[in-house]
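Q: First, the structure itself, so that you have it in front of you.
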Amino acid sequence: MSIIALDHVTKRFGETIALNDFSLHVEAGELFGLLGPNGAGKTTAISVMLNLYPADSGTIQIFDHSMPKDEQTIKRRVGIVPQHVSVYDQLTVFENIQFFAELYGFKPAEAKQKTVAALDFVELTAHQKKRPPELSGGLLRRLNIACGIVHEPELIFMDEPTVAIDPQSRNTILENIRELNRRGATIIYTSHYMEEVEMLCDRVAIVDEGRIIAEGTQDELKDQVMTLETARIKVDALTPGLLERLESLERVKKVDYEEPFLDVSLEKDTPLAPLLDVLHDERVRFTSITVDRPSLNTVFLALTGKTLRE
């Protein structure tokens, strides 16, 4: 079932087209990545889905309800972790989270229970009496997440939740995100950190200049741009005729050797058995063999002509 269905959505700011015929369908239970450089349209897409910026054209359905007609019904079931930390400096960590719980309609006693659970989930219990200015960047990000998920939403939008934090906090947050998804939440995760999307997401949409230019599982995206793959073989030594025999194999495009590795460029999905037969015939011992596939960064470069950081 599609929890989110955007069809042909356009959003303009003056002469700038921020979203251009933007269509996106996300299924229940997915951890879905929106990947693109700063300014690509990721945050605008989330804002339009939540009617923070009304769409100029197109249709938006969330939980089979129409946005903006059923806005309040939708928003009760949604959590958002914004890119910019959005908490109150004059409140303690506990008070901030409890405040957001009460905004979602929980009475004080239940809001307190939800707050205790959220604190425990993001590992902030030891810091609950502190105020935001006393927290590190990583702890602030975790507070931001707690405020966004305290009401246990079915659908969570996470917009660049790990920007400018230390590696330990980043790892904690990424594990929090995995656990939320394991518990059943559908998550829309935006990032310009390629490695995070590769680690977390079931499916990915690559966004550039307000358009989705490719969408699918990571393997599907890689298959779109991959025509060659490289078999890297660690060998003990070469024999005089090995390179020539490998280069003569059907579907082998190039063979390079830099001790101790043979790099054999092959057409995509070429069986490895003929390579191994040659090694056996030449009595060449090998200790490992791996097949390299392109990274998402390679996919992005191939589809847009630029790197993600540009």
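Read the sequence shown against UniProt numbering and you will find it ends at 310, with the numbers running on by one and no gaps.
Quick reminder that beta carbons are idealized off the backbone N, C-alpha and C, glycines included.
Keep in mind that this is a model prediction, so the values were computed, not measured.
Grab me the residues of F63's own chain with a C-beta within less than 7 Å of its C-beta, minus the 5 sequence neighbours each way, in chain order.
A: Taken in chain order, the residues that qualify are I3, I74 and R77.
Q: Report yes or no: do three or more beta-carbon pairs, one from the stretch 43-50 and one from the stretch 218-234, lie closer than 8 Å?
A: The answer is no - the stretch 218-234 does not touch the stretch 43-50, with fewer than three Cβ pairs under 8 Å.
Q: So does the stretch 176-196 actually touch the stretch 139-157, counting three or more Cβ pairs closer than 8 Å?
A: Cβ pair count under 8 Å is three or more, so yes.
Q: Where DSSP assigns a beta bridge to G79, which residues make up the other side?
A: I156.
Q: Quick one: which unbroken beta strand (DSSP E) runs of 3-plus residues sit fully inside the stretch 171-223? Chain order, please.
A: Counting whole runs of 3 or more residues, the stretch 171-223 contains the beta strand (DSSP E) stretches 186-191, 203-208 and 211-217.
Q: Whose C-alpha, out of P108, Q90 and P294, is nearest the C-alpha of Q98?
A: Per the Cα distances, P108.
Q: Going along the chain, which residues of its own chain have a beta-carbon closer than 7 Å to the beta-carbon of I149, five neighbours each way excluded?
A: Cβ within range, chain order: G79, A118, I156 and L180.
Q: So, are the CB atoms of L266 and V278 less than 8 Å apart?
A: No; because the gap between Cβ atoms is not below 8 Å, this pair is not in contact.
Q: Could you please give the first and the last residue of the uninterrupted beta strand (DSSP E) stretch that includes N20?
A: It spans T16 to E27 - the beta strand (DSSP E) in which N20 sits, taken as one unbroken run.
Q: Tell me whether M67 sits in a helix, a strand or coil according to DSSP, three-state version.
A: Looking at M67 - three-state DSSP - the assignment turns out to be strand.
Q: Please list, in chain order, all residues of the same chain as L262 whose beta carbon is under 6 Å from its beta carbon, the five residues on each side excluded.
A: Same-chain partners within the cutoff: I233 and V235.
Q: Going by CA-CA distance only, name the one from H25, E134 and N297 that's closest to E196.
A: Of H25, E134 and N297, the residue nearest in Cα terms is N297.
Q: Grab me the residues of R131's own chain with a C-beta within less than 8 Å of its C-beta, minus the 5 sequence neighbours each way, in chain order.
A: Taken in chain order, the residues that qualify are D89, Q90, L91, T92 and V93.
Q: If we count the other Cβ atoms within 10 Å of its Cβ and call it buried at 16 or more, is K114 buried or exposed?
A: Result: buried.
Q: So the candidates are Y257, A237, I212 and C147; which of them puts its Cα closest to the Cα of S86?
A: Out of Y257, A237, I212 and C147, C147 has the C-alpha closest to the C-alpha of S86.
Q: Within the continuous alpha helix (DSSP H) that includes T298, where are the two ends?
A: Element bounds for T298: L296 to T304.
Q: Give the secondary structure of V163 by DSSP, where H, G and I count as helix, E and B as strand, and everything else as coil.
A: Coil at V163, not helix or strand.
Q: Cα-Cα, which of G216, L52 and D21 is closest to E27?
A: Closest by alpha carbon: G216.
Q: I think G33 touches D208, with their Cβ atoms under 8 Å apart; what is that distance to the nearest whole Å?
A: Actually they do not touch by this definition, with Cβ atoms about 14 Å apart.
Q: Note down, in chain order, each residue of its chain lying with its Cβ closer than 8 Å to the Cβ of N176, except the 5 sequence neighbours on either side.
A: So the list reads F121, V122, R142 and I145, once near-sequence residues are dropped.
Q: Would you please state the rounded distance, in angstroms, between the beta carbons of L140 and H127? I believe it to be under 8 Å.
A: The pair is not a contact, with the Cβ atoms about 10 Å apart (cut-off 8 Å).
Q: From the DSSP output, read off the bridge partner residues of A40.
A: Beta-bridge pairing links A40 to no other residue.
Q: Distance, Cα to Cα, D256 vs A205?
A: Going by the C-alpha atoms only, they are around 35 Å apart.
Q: Who are Q61's beta bridge partners in DSSP?
A: According to DSSP, Q61 bridges with A5 and S66.
Q: Sort E152, A5, T43 and V9 by Cα distance to Y189 and report the nearest one.
A: Among E152, A5, T43 and V9, the Cα nearest to that of Y189 belongs to T43.
Q: Excluding the 5 residues flanking L19 on each side, which residues of the same chain have their C-beta closer than 7 Å to its C-beta?
A: So the qualifying residues of the chain are V9, T10, K11, G41, T44, A45, V48 and G210.
Q: Excluding the 5 residues flanking R285 on each side, which residues of the same chain have their C-beta closer than 6 Å to its C-beta?
A: Taken in chain order, the residues that qualify are D236.
Q: With 16 as the cutoff for other CB atoms within 10 Å, does V291 come out buried or exposed?
A: With fewer than 16 other Cβ atoms within 10 Å, it is exposed.
Q: Determine which residues share a DSSP beta bridge with A231 and list them.
A: Answer by DSSP bridge pairing, in chain order: V264 and V291.
Q: For I173, collect the residues of the same chain with a Cβ closer than 7 Å to its Cβ; drop the 5 residues on either side in sequence, then sort them by chain order.
A: Result list for I173: R141, R142, I145, P161 and T162, in chain order.
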